[in-house]
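Everything on this sheet refers to the single structure shown next.
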Amino acid sequence: MHRFKDLEIWKQSRKFCTDIYAVTSKFPESEKFGLTNQLRRASVSIPCNIAEGSSRSSNKDFSRFLEIAIGSAFEVEAQLLISSDLGFLKPEELEALILKLQAIIRMTSKFRSTLS
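What the sequence shown shows, in the working numbering, is residues 158 to 273, in sequence order.
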């Protein structure tokens, strides 16, 4: 069992959620139940799956939850790109978020490979 609060992947993905909440608070009100909700839920899914997986008794189970977290990260990336296409994000906001997200994906993938 791992202490999720000590994991850098959890810390970074938790901070990333704050970034997502901040940027989506500027989205149009008409997106409250659309992209705003989707982005927030998918971004929260990343640290939550890391936390839940850390409670599992086997590395195989933890690895599966990390895979789900990575899937959520890719979902967030797609939604960020769509948000940018719709003009909800400035190019520099998109770039900064994508860079943070890619770092989280790399770190999580690398950590996951150590569990095998």
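Ideal Cβ positions, reconstructed from N, Cα and C, are used throughout, including at glycine.
Note to self: Please classify Ser204 as buried or exposed, where buried requires at least 16 other C-beta atoms within 10 Å of its C-beta.
What the structure shows: By one-based count along the sequence shown, residue 204 stands at place 47. Note on identity: in this sequence residue 204 is Pro, with Ser being the wrong assignment. The residue is buried, with at least 16 neighbouring Cβ atoms inside 10 Å.
List the whole-angstrom C-beta distance separating Phe173 from Ser211, where the pair is believed to meet the contact cut-off of C-beta under 8 Å. For this step, residue 173 is matched to residue 16 along the sequence shown. For this step, residue 211 is matched to residue 54 along the sequence shown. The Cβ separation is near 18 Å, so there is no contact.
Query raised in the report: CA-CA distance, Phe231 and Ala208?
Result: Against the sequence shown, residue 231 aligns to sequence position 74. Against the sequence shown, residue 208 aligns to sequence position 51. It is roughly 18 Å from the alpha-carbon of Phe231 to the alpha-carbon of Ala208.
What does the alpha-carbon distance come out to for the pair Leu246 and Arg198?
Counting from one through the sequence shown, the residue named residue 246 turns up at place 89. Counting from one through the sequence shown, the residue named residue 198 turns up at place 41. When rounded, the distance between both Cα atoms is 18 Å.
Neighbour-count burial assignment, Phe190, 16 or more Cβ in a 10 Å radius
As a working note, residue 190 is residue 33 in the sequence shown. Looking at its Cβ environment, which holds fewer than 16 other Cβ atoms inside 10 Å, Phe190 is exposed.
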